[in-house]
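Peer 1: In the working numbering, the protein residues as written are 38 to 324. Note that beta-carbon positions come from the ideal geometry of N, C-alpha and C, so glycine has one too.
(1) Give the C-beta separation of residue 82 and residue 74 to the nearest angstrom, bearing in mind that I take them to be a contact with Cβ-Cβ under 8 Å.
(2) Beta-carbon separation of residue 173 and residue 311 under 9 Å?
(3) From the DSSP output, in three-state form, read off residue 89 for me.
(4) Using 8 Å as the cut-off, can you tell me whether the region 241-259 makes contact with the region 41-52, which would need three or more C-beta pairs spanning the two stretches below that distance?
(5) Report the rounded CA-to-CA distance for residue 179 versus residue 302, giving the unit in angstroms.
(6) So, helix, strand or coil for residue 297, using DSSP?
(7) Output needed for residue 211: all residues of its chain with C-beta closer than 8 Å, excluding positions within five of it in sequence on either side, in chain order.
(8) Starting from residue 52, trace the alpha helix (DSSP H) both ways and give me its first and last residue.
(9) Buried or exposed for residue 313, please, with buried defined as at least 16 other CB atoms from any protein chain shown within 10 angstroms of its CB.
(10) Between residue 322 and residue 165, what straight-line distance do the alpha-carbon atoms span, to the nearest angstrom?
(11) Tell me whether residue 109 sits in a helix, a strand or coil according to DSSP, three-state version.
(12) So, residue 95 versus residue 231, is the Cβ gap smaller than 9 Å?
(13) Ignore the nearest five residues each way along the sequence and tell me which others in residue 308's own chain have a CB closer than 8 Å to its CB.
(14) By how many angstroms is the C-alpha of residue 59 removed from the C-alpha of residue 253?
(15) Give me, in chain order, the residues of the same chain whose beta-carbon lies closer than 6 Å to that of residue 216; leave out the 5 immediate sequence neighbours on both sides.
(16) Using the C-alpha atoms, what's the distance from residue 296 back to residue 222?
(17) By alpha-carbon positions, which one of 279, 300 and 289 ends up nearest to residue 157?
(18) Assign residue 154 to one of three DSSP states: helix, strand, or coil.
(19) Grouping DSSP H, G and I as helix and E and B as strand, with all else coil, what is residue 144?
(20) Using 10 angstroms around the beta-carbon of residue 140, count the other beta-carbons present and answer buried if the total reaches 16, otherwise exposed.
(21) Between which two residues does the alpha helix (DSSP H) carrying residue 274 extend?
(22) Roughly how many angstroms lie between the CA atoms of residue 110 and residue 299, to the nearest whole one?
(23) Looking at the unbroken alpha helix (DSSP H) that takes in residue 306, where does it start and where does it end?
(24) I need the straight-line Cα distance from residue 136 to residue 237, nearest angstrom please.
(25) Please name the residue in 248, 233, 121 and 243 whose C-alpha comes closest to that of residue 33.
(26) Cutting at 8 Å between CB atoms, please list the residues of its own chain near residue 244, excluding the five before and the five after it.
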């Protein structure tokens, strides 16, 4: 599936947007508790998508919309909570590489759900991006007996699976409803689900922590709304597996670059080789 230049630019812009969200989220999580941050980032974009709906003159969704839409909301709530718990109890050397399986899962799940079968060169490209991403983030755990490692790994693997399943469901939903409507439903639904979790845990007071970083928070809302909106606009023109792979490849490169610039994280030869492997994989996908 060769991408026209306009679609390629749309996908690249979407990928850069998600890379920006990752950077801003890393800055925010230093000041705001993780679960509260998930709620704040989702509820904050709801008015933006409501405004998009109003400007676009959104119509009522077509039959068959609500099943994939509600399923995506549930999967996203579960994935976010599993991700946070997995990251809490298991070392980064285990959890982060597992998230790199998302493009592979998404490509496989898109075959039965959407009938999207990547060509052999595209399949090789996806595998190279996944392998490069795993190599980029792989690190030997300081404590091989880390308590909760296996449980945390299972949680993060389920996170990757749930996010991978949610993406084809989002595409099915966007085929049956306007993009701004589904963006509104998805973010509002996730916000409600996470708010209930905060209430049950007695952590609603954590929401006030965002007052420490108002500027970064507002910027994160704008960037995340753009990233999700561009992703939904790209769905009709690109395979889900291709989109997720390009997001992962570009996102990992930008994470390496921003980590070096903003956090003085070292750039090793292993990381450069991993990025080169991902670059070749991306090139195969774009051919």
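Peer 2: Reading off the structure:
(1) For the purposes of this step, residue 82 is identified with residue 45 of the chain shown, where counting begins at 1. For the purposes of this step, residue 74 is identified with residue 37 of the chain shown, where counting begins at 1. In fact, because the Cβ distance is near 13 Å, the residues do not count as touching under 8 Å.
(2) Counted from its first residue, the chain shown places residue 173 at position 136. Counted from its first residue, the chain shown places residue 311 at position 274. Going by C-beta atoms, residue 173 is nearer than 9 Å to residue 311.
(3) Your numbering for residue 89 matches position 52 in the chain shown. Helix.
(4) no
(5) Within the chain shown, the letter at position 142 stands for residue 179. Within the chain shown, the letter at position 265 stands for residue 302. Summary for residue 179: the model assigns pLDDT 47, below 50, so the residue's position carries little reliability, and this model does not support an answer.
(6) One-based indexing of the chain shown puts residue 297 at position 260. Helix at residue 297.
(7) Taking the first residue of the chain shown as 1, we reach residue 211 at position 174. Only 219, 269, 272 and 273 meet the Cβ criterion.
(8) Sequence index remark: in the chain shown, residue 52 carries index 15 (1-based). Here the alpha helix (DSSP H) through residue 52 covers 42-65.
(9) If you number the chain shown from 1, residue 313 lands on position 276. Exposed: under 16 other Cβ atoms inside 10 Å.
(10) What you label residue 322 is simply residue 285 of the chain shown in a count that begins at 1. What you label residue 165 is simply residue 128 of the chain shown in a count that begins at 1. Each residue's alpha carbon lies about 10 Å from the other.
(11) Indexing the chain shown from 1 puts residue 109 at position 72. Helix, per DSSP.
(12) As a position in the chain shown, residue 95 is number 58, starting the count at 1. As a position in the chain shown, residue 231 is number 194, starting the count at 1. Cβ atoms of residue 95 and residue 231: not closer than 9 Å.
(13) As a first step, residue 308 must be located in the chain shown, where it is residue number 271. Taken in chain order, the residues that qualify are 173 and 293.
(14) Locating residue 253 in the chain shown gives position 216, where the first residue counts as 1. Locating residue 59 in the chain shown gives position 22, where the first residue counts as 1. Each residue's alpha carbon lies about 12 Å from the other.
(15) Here residue 216 is taken as the residue at index 179 of the chain shown, counted from 1. Hits under 6 Å: 269 and 270.
(16) Along the chain shown, one-based indexing puts residue 222 at 185. Along the chain shown, one-based indexing puts residue 296 at 259. Rounded to the nearest angstrom, the two C-alpha atoms are 33 Å apart.
(17) Translated into positions along the chain shown, residue 157 becomes position 120. Answer by Cα proximity: 279.
(18) In the chain shown, the residue the question calls residue 154 occupies position 117. Residue 154 falls in the coil class under three-state DSSP.
(19) Along the chain shown, one-based indexing puts residue 144 at 107. Residue 144: helix per DSSP, three-state reduction.
(20) Position 103 of the chain shown, counted from the start, is the residue given in the question as residue 140. Classification of residue 140: buried, given that the 10 Å Cβ count is 16 or more.
(21) Stepping through the chain shown from its first residue, residue 274 is reached at position 237. Segment: none, residue 274 is in no alpha helix (DSSP H) and carries neither H nor E.
(22) For this step, residue 110 is matched to residue 73 along the chain shown. For this step, residue 299 is matched to residue 262 along the chain shown. When rounded, the distance between both Cα atoms is 33 Å.
(23) Counting from 1 along the chain shown, the entry for residue 306 is found at position 269. It spans 306-323 - the alpha helix (DSSP H) in which residue 306 sits, taken as one unbroken run.
(24) By 1-based counting over the chain shown, the position of residue 136 is 99. By 1-based counting over the chain shown, the position of residue 237 is 200. The alpha-carbon atoms of residue 136 and residue 237 are separated by roughly 28 Å.
(25) Since the first and last residues shown for the chain are 38 and 324, residue 33 lies out of range.
(26) As a working mapping, residue 244 is identified with position 207 in the chain shown. Answer for residue 244: 73, 76, 77 and 235, listed in chain order.
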